[in-house]
Structures are given as C-alpha cells and as structure tokens.
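Have a look at the structure below, then the notes.
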Amino acid sequence: MNELLQQHARVLSGMRPTGRLHLGHYHGVLKNWIELQHQYDCYFFVADWHALTTHYEDPQIIPDSVWEMVIDWLAVGINPGEARLFIQSQVPEHAELHLLLSMITPLGWLERVPSYKDQQEKLKGRDLTTYGFLGYPLLQAADILIYKAGLVPVGEDQVAHVELTREVARRFNHIYGREPGFEEKAEQARKKMGKKSAKLFSQYHKEYTERGDLESLQAARALLESQQNITLNDKERLFGYLEGGGRMILPEPQPLLTKASKMPGLDGQKMSKSYGNVISLRDEPEVVERALRTMPTDTQRVRRTDPGEPARCPVWQFHEVYSDDSVKTWAADGCRNAGIGCIECKQPVIEAVLSELKPIHQRVRELEQQPEMVRTIIAEGTEEARDMARQTMEEVRLAMSLRHL
Ligand code: TRP
Ligand code: SF4
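Here the working numbering = 1-based position in the sequence shown + 16.
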C-alpha cells in the first residue's frame, strides 16, 4: 500500500484475555496503540474467542480477564473518543466470516502456519489438536478483513497470521470478485469519475499494465481513493481492474510491525506470564518493590566489594528502559568499580516503575467505581464495529451468492 493510502488506513488489533496485563504488554503493545489512535482510525478488541481456542477447558479466567483488560486499556490511556473498543464475541459477524472463509481455505495453508506447531509444542499441557485451534489464524483473518483494515499492528510472532490473511483475501477476491461483464462494469465505473479523472486513470492504468510502472499504480490508487462521487462497489471494481484482477472486495492488510519491546522480565528474559517473570499492571507497590529487590543481578558479583558488569545483569535492562543518561552512567560506573551496592542500584528503577504504575492504579480505581461507564464505552464501540462488520458481510454474502429470496 502506498503512503497516501496508509494515511487513510484503518488500524485493527486484538489481544487475548488470558490473564493479567503486565509491563511487557504496556511497553510492547499498549504504548504503540496509544500513539496509533492519534494517527489512524483505530479498532481495538478483546479476542475472547481466540482465548477460548487454547483455554476451552478452563474458560473461567476469561470473563475477569476481559473486564480487567478493558479497564487497563482505558487506565493506560487508550481513548474511546479516538479508538473503538469492543469485544469479539459481541460482534458475531466475525464468526460468520470465519465460516465463509473456511470454505475457500486449503487445509495446508493452516497447517503450515508456524504458530500451529510451535504453540502445540509450547503448550504441551493442553490438547490443541482441535479444529478451533487449527482455525485460529483464519479467525484472525476474519477479524481483520471484516473491517477492511489496512494496517495490523502486531509483534513478530503474528506476522505469519497477517500473511495468511493476505492470501485468503487474494483468493476470495479472485474467486468472487469476477462478476459477469466485469470489464464493462469497470469501464462504466471509470467514466463515472468525471472526464478529467477518467482520463488520468486510463493513462496510469496503461502505464502500469504496459510497463509495470509502480509509480503509476500508486498514483492511480491515490486517485481512486480520493474519489467522492462513485460508489464503494465501483471503487472496488476499479481497484481490482487496475491490477488485472476482479473486484477487490476484501482488501489485503499490511502488518505494522511493533518494534520488539525492550521490556525485560525480572530474570532478564522477555517478560512473559509463561516464564513467571512479570510485573503485572495491577501489582501493589509493596509487591513491585519486593519483586525488584529480590530480582537477580550479575551472578558474578557475589559480595558488595566485587566489581560487576551491567551487561550481565537484568537490572541494567530495566535501567535501559527507565533511567536517563546520568542515572545510567552512575549505575554502570558504580557497578564496575563496586562503588554502589545492588540494592542501591535498583532504587531508581523501583521508583521509576512505581511512579509509572501510580497514575494507572489511580485510574483503575476510578474506573472500577464506574462500571456503567465502562460498559457504555464497550457498547458504543461494539455498535460502531458491528455496523462496519454488517456492511462487509452484506457484500460478502452477495459475492458468495448467499442472498436468497
Ligand atoms: N492472535 C493475536 C495475539 O495473540 C490476537 C488477535 C486476534 C489479533 N485477532 C487479531 C491481533 C486480529 C491482530 C488482529 O496477539
Ligand atoms: Fe546489576 Fe546494578 Fe548490581 Fe551492577 S550494581 S550487578 S547493574 S544491580
């Protein structure tokens, strides 16, 4: 997608409610969402059906996790005035699209998604040889395509899911975007743009098809994007026509790769619930303080008088996230010449984490006093999401010959 189109892009992302959010989520995902909500038309949702694909035997944790997740999102600064927040299972159209996409998705595509085998390996305690788990990335494709999202902020591990989404969309458009008389309809649509635009479009189209000129392709797309007086269907036709395909009913999304979070866990590995090394967003100050005080340091620094090396110490990685240059210099020098003790070195980190969490806790307490307001935010987000999803499903049903009587 070119930059012009990106500016108008809809952004969609989801999170599975399988437990408490921690600092890794905050630094790795939520801070990014907070930035994006100012720049794009954002849809953020709680993927409770996805949680069920792995937690079908113990779904009890899902409802509390959903509730806490929504409150935490709001508490860290996701703004319902800018982004739509909703819950996947409250927009059942996702399931309908998942079903319809399943008709055209070759089994091999799903079996080859790396997370399928990886997660089965990793979550050995759970039986994941289910139909639902195999379909996990296809449900994700439905989540994305139903909003015609252009950009999907995800971490490295999810890029393959967005790639699958693109393949499924391409297949869908290829099979169902070929209506009878497509070329003529596209020609008519072109003329509806008005003389000047129609002529420009023809010129770009010619340059692209004859010489493969990508700049002309981009210019033509931007031209289409800016058209106010042709219908959505005609626009889809022209987008498809441009590239020699059929009507572009489900546009292909792009992953928006979130740069890997630098947030380490208490043991220096990536912060993750499964490693048991997290500081949860809801942890009380005493708990946070104790966790940081007792976290391991450079194992070669046994006594206070032994010099240490920050590069070997997980605390140093916390300094990298939380401390300014002068504190970092103080810590690194003090470590290397045994000028400071580890407890001393941890103190600024403890204070930084506590002051980061303090306003979040305050907001959580306020929000928990207003459950009705939180419900209303979700209800409104869901309503808007559903309108969009319903519209897409109308088009999808029509394309798949499912509008009877
Ligand atoms: N699979 C994603 C994860 O585990 C969650 C998710 C579900 C998602 N549907 C999505 C993310 C759609 C982006 C878009 O993190
Ligand atoms: Fe780690 Fe700081 Fe102790 Fe050095 S002084 S080992 S950086 S905690």
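Beta carbons: idealized from backbone N, C-alpha and C, even for Gly.
Helix or strand or just coil, what does DSSP make of residue i?
i: Y163; result: coil
i: M404; result: helix
i: Y59; result: strand
i: L239; result: helix
i: I366; result: helix
i: V129; result: coil
i: P280; result: strand
i: G141; result: coil
i: G30; result: strand
i: N245; result: coil
i: S105; result: helix
i: A348; result: helix
i: A205; result: helix
i: M85; result: helix
i: G357; result: coil
i: A214; result: helix
i: Y338; result: helix
i: Y220; result: helix
i: A415; result: helix
i: H420; result: coil
i: T70; result: helix
i: P122; result: coil
i: P75; result: coil
i: L266; result: coil
i: Q136; result: helix
Going by CA-CA distance only, name the one from the options that's closest to residue i.
i: I218; options: F255, E195, F188; result: Per the sequence shown, the amino acid found at residue 218 is Ser instead of Ile. Looking at the Cα atoms, F255 is the closest of the given residues.
i: S118; options: D88, L233, I103, P153; result: P153
i: E200; options: R379, M279, Y257, T315; result: Y257
i: R187; options: Q174, R263, P271; result: R263
i: M389; options: I87, H377, N353; result: I87
i: E268; options: R298, A165, G324; result: A165
i: D173; options: K275, L421, C358; result: K275
i: P301; options: I359, I356, H377, S242; result: H377
i: S232; options: E241, Y220, T225; result: Y220
i: I120; options: V107, A202, A214, A158; result: A158
i: E179; options: W125, L373, R306; result: W125
i: D314; options: L52, D341, A347, L167; result: A347
i: L272; options: Q204, G171, A238; result: G171
i: H54; options: Y42, L240, T70, P96; result: P96
i: A238; options: D340, I103, V129, K251; result: K251
i: R402; options: L28, E109, R128, D74; result: E109
i: A176; options: Y42, V129, F334, M404; result: V129
i: S371; options: G151, V304, Q104; result: V304
i: M279; options: P387, F334, D340; result: F334
Buried or exposed: which applies to residue i, given that a residue is buried once 16 or more other Cβ atoms fall within 10 Å of its Cβ?
i: D143; result: exposed
i: T247; result: exposed
i: H190; result: exposed
i: L282; result: buried
i: G40; result: buried
i: D299; result: buried
i: Y147; result: exposed
i: V107; result: buried
i: R319; result: exposed
i: Q23; result: Per-residue confidence for Q23 stands at a pLDDT of 45, beneath the threshold of 50, marking its modelled position as unreliable; no derived number is given.
i: P75; result: exposed
i: G141; result: exposed
Determine, for residue i, whether the minimum Cβ-Cβ distance to residues of chain C falls below 8 Å.
i: M85; result: Reference to chain C is not applicable here, since this structure consists of a single protein chain.
Could you check whether residue j and residue i sit closer than 8 Å to each other, using their CB atoms as the reference points?
i: H66; j: R26; result: no
i: A185; j: L113; result: no
i: Y338; j: V294; result: no
i: A99; j: R379; result: no
i: I94; j: F61; result: no
i: G35; j: K286; result: no
i: P326; j: W332; result: yes
i: S213; j: L37; result: no
i: A415; j: Y163; result: no
i: M209; j: Q243; result: yes
i: L46; j: W83; result: no
i: N48; j: P169; result: yes
i: Y56; j: L167; result: yes
i: G44; j: S277; result: yes
i: G284; j: P330; result: yes
i: G350; j: I356; result: yes
i: R328; j: Q316; result: yes
i: F149; j: T225; result: no
i: R309; j: K374; result: no
Kindly identify the DSSP beta-bridge partner or partners of residue i.
i: L272; result: P169
i: R317; result: Paired residue(s): none; R317 is not in a bridge.
i: R100; result: Y59
i: K286; result: P280
i: S296; result: H38
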